[in-house]
Structure formats: C-alpha cells, structure tokens
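J.: Sharing a structure here in structure tokens format.
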C-alpha cells in the first residue's frame, strides 16, 4: 500500500460512513454530489464541474508536469431503494434508501486517491475524476456521455472498480474481454379473451398463453445458443387476473431480462424472444408484444492491453498470489460498459468478503479503501509519469 494512504485510512473510513448514513437513489444524488464537490474543492482541485447528466460531476486535477495525456477514474454515487437492517451507528438515516452495493465505499476510495494525488501532483497531464449518477438504473453512464462527458473531459484511458464480497479480502480480480454481462429488460403484454372459468371454450386463456410463453422462451437458451456460449433469460414477474377464483382475465403480463457476454448472442436471444412470444400467442389465438425497456446496456468489456496493465500494477502492489487476471465473468451488469465502449480501459474487482451485494445487512469493508485508492494512484503514475 501507499504509506500516506494507509496511514490515513481512519479518515477515509469516516468519509465512507458519512456517505452511508445519507444515501440517495439514482438521479437524486443532490446532497451526495454537493458533498463530493465540496471535498474536491477543499483538496485544491483545478476545476469541479457539476450537473453533468443530472447529478453527475467531474473533478479536474492537473499534474506538476505538462502533457496532453489524460486519465479517467470513475466511481458511482447512487444507493438502492431498500430498507437497511443494520443497527450500527452509521446505518442509513434516509428511510427506505440504503448503500447496499458499496457505492459509498467507491466514492470514499476515489476521494482517497484524489486527496493523495492533489498533495504533490507528482504526475504529468491531467486526471478526470468522474463521479457517476444512476449506476443502479444502468443508465447514468450513458446519460453523462450523452451530456458531453467525453467531449468536455476527454480521457486517454479510463478505470473503474467494484468491491466484491465473494473475492478474498485484499485480492484483485479481473479478466481481459467481457467481465460483466449486458442487460436488456423487457415487458411482454398478452391479450386474449376473458370469460367465466367454467366455460373455457368461449375465451382465450391469457394465463395459459403466459405459461406456454415462459416454457417456450427457455428453449432459446438450450436450443438456439451453442452450449459453448452463455446467456441468461429470466422472467422475474408474471401477472394475470385480479384476485378472483372464477374470472379469467383478458390480459397477462411478464417482465424479465436477458444477459449475455457476447453481442451476437445478445441480439440473437432478443430476436428469438420476440419471435417465440408472438408465435406462441398466435398459436393460441392471442396476441403478444415484447418491449425492450430503456436502460439496456452492453457487456462490460475490458481492453486486453489495459487488463494486462492492471494485473501487473496489482501484482507489483500486493503480489502475484493475490491477483486473479483470468477470473470468471459475472452475469450481473454494470453501466461502466458504456464508458468502455468509448474509451480503452479496465474494470476490476477488489475483494471485500462479508454479506452479499443488494443485501439489507450489507456494509462496505473500510479496510479495503487503501487498496482501491492505491490501485487508482499507481495506474495514474504508470499512465502519467512524472517527468
């Protein structure tokens, strides 16, 4: 670890716990963004720009040595709409909102790196510290990009990280290529013909159509996708009727998602889903439509050379035995993927251990802040060496 970062870990933990106490959901991170901006100003940043894509912000720090090179470092800010079960002192004070994914720790980690780098500015060029809105909606990254993020703050390379409970504490995991899956959320609406449950011959059974669609759609994974590839198709919500026992509903609805690591597999699955839904409904005399919702994002794909660099930097920092440079990809999704589509970079995991993410008993492990911050600093020093 970098000595100055390690010796100030209690200060960074205090920052993190304050963020944890006052969480805010996607696109509503007003107080959070204000706090981050104030901290960057207090560090003596050259520029702090707010209101990007709504509540996103970017801090600009110039090095002591002139260069046209730039590095982007990113952390997410939003929390989840869920009630916290923890009873410790820094538990959420905002009812129904909780930092259950560790974005409080991500902000503290990036701020720790910002604090250290601002002290001596022993690097060349410029660093753009990106604090992103609405990662949990999988739209905040693209919203900031669409609002001119990279036109205003160009980045030669970009890095992001996420705490990961199933990775041993103090370890770094990553991989070249796809490390997290794409995500496409969809709605299916089925329209049949309602009627009396005792007289099925006079109706088109919406719940029956719905169940057949679920069964038929799952064959896409087993019969349209190679067993050497992977895709996840999930139906998370199925609804028909209004609580009665003998009135058959006219309509039924399904909600779900498709996740894939390969863009071709992703598009094939979405195409076949539409075909299966429409044709299955037609076979029963009903009609059905598939709508892919806003908020879809591509797979998170690491640039091979940048992944090699992150693995080397991590090995130099903590030892090769604590670095897994070819970890299994996760079928979860992350909208840092949009940034990696525009800029070469790498997304990596920092071992956290403890409760799983999106769990009402989760809490970020403060002891890993120095590792995450040191990784950011070392990546800056490699890309923007002092001259």
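In full-length UniProt numbering, the protein residues as written are 1 to 387.
Note that beta-carbon positions come from the ideal geometry of N, C-alpha and C, so glycine has one too.
Count the other CB atoms, across all protein chains shown, that sit within 10 Å of the CB of residue 370; report buried if there are 16 or more and exposed otherwise.
T.: Answer is buried; the Cβ neighbour count reaches 16.
J.: Quick one: using the 10 Å Cβ neighbour count with 16 as the cut-off for buried, is residue 305 buried or exposed?
T.: Exposed is the call here.
J.: Once you ignore the five residues that flank residue 361 on each side, which residues in its own chain have a CB closer than 7 Å to its CB?
T.: The residues are 85, 86, 355.
J.: Checking 9 Å against the spacing of the C-beta atoms, do residue 247 and residue 284 come in under that value?
T.: Cβ atoms of residue 247 and residue 284: not closer than 9 Å.
J.: Does the beta-carbon of residue 132 have 16 or more other beta-carbons within 10 angstroms, so that it is buried, or is it exposed?
T.: Buried is the call here.
J.: With burial defined as no fewer than 16 other Cβ atoms inside 10 Å of the residue's Cβ, what is the status of residue 162: buried or exposed?
T.: So residue 162 counts as buried.
J.: Can you tell me whether residue 105 is helix, strand or coil according to DSSP?
T.: Reduced to three states, the DSSP call for residue 105 is helix.
J.: Can you check which of these residues, 300, 336, 249, is closest to residue 203 by C-alpha distance?
T.: For residue 203, the nearest C-alpha among the options comes from 249.
J.: If you reduce the DSSP assignment to three classes, tell me which class residue 33 lands in.
T.: If DSSP states are grouped into helix, strand and coil, residue 33 belongs with the helices.
J.: Can you list, in chain order, the residues of its chain with a C-beta nearer than 8 Å to that of residue 359? Leave out the 5 residues immediately preceding and following it.
T.: Answer for residue 359: 100, listed in chain order.
J.: In terms of residue numbering, what span does the alpha helix (DSSP H) encompassing residue 26 cover?
T.: That residue, residue 26, is in no alpha helix (DSSP H); it is neither H nor E in DSSP.
J.: Using the C-alpha atoms, what's the distance from residue 153 back to residue 280?
T.: One C-alpha to the other measures close to 49 Å.
J.: Taking just the CA atoms, how far does residue 333 sit from residue 339?
T.: Each residue's Cα considered, the two are about 13 Å apart.
J.: When DSSP labels each residue in this structure, what does residue 55 get in the three-state scheme?
T.: Three-state result, residue 55: coil.
J.: Per DSSP, what kind of secondary structure is residue 347 in: helix, strand or coil?
T.: DSSP places residue 347 in strand when its eight states are reduced to three.
J.: Whole angstroms are fine: how far does the CA of residue 220 sit from the CA of residue 440?
T.: Nothing about residue 440 can be reported from this structure: the residues present for the chain run from 1 to 387 only.
J.: Any contact of the stretch 60 to 80 with the stretch 1 to 15, i.e. 3+ C-beta pairs under 8 Å?
T.: No contact exists between the stretch 60 to 80 and the stretch 1 to 15.
J.: Under DSSP, the beta strand (DSSP E) around residue 128 begins and ends at which residues?
T.: Element bounds for residue 128: 124 to 132.
J.: What whole-angstrom Cβ distance do residue 56 and residue 45 have, given they're in contact under 8 Å?
T.: So it is not a contact: roughly 16 Å between Cβ atoms.
J.: Cutting at 7 Å between CB atoms, please list the residues of its own chain near residue 381, excluding the five before and the five after it.
T.: So the list reads 123, once near-sequence residues are dropped.
J.: Go through its chain and collect everything with a Cβ distance to residue 173's Cβ below 6 Å, but skip five positions before and after it.
T.: So the qualifying residues of the chain are 167, 324, 327, 349.
J.: Assign residue 141 to one of two classes, buried (16 or more other C-beta atoms within 10 Å of its C-beta) or exposed (fewer than that).
T.: Residue 141 is buried by the Cβ-count criterion.
J.: So, are the CB atoms of residue 308 and residue 189 less than 9 Å apart?
T.: No, they are not a contact pair.
J.: With a threshold of 16 other CB atoms inside 10 Å of the CB of residue 298, please say whether the residue is buried or exposed.
T.: Burial call: buried.
J.: Please classify residue 222 as buried or exposed, where buried requires at least 16 other C-beta atoms within 10 Å of its C-beta.
T.: Exposed.
J.: Between the alpha carbons of residue 236 and residue 33, how many angstroms are there, rounded?
T.: Residue 236 and residue 33: Cα-Cα distance of roughly 33 Å.
J.: Can you tell me where the alpha helix (DSSP H) with residue 176 in it begins and where it stops?
T.: From DSSP, residue 176 is part of no alpha helix (DSSP H); its letter is neither H nor E.
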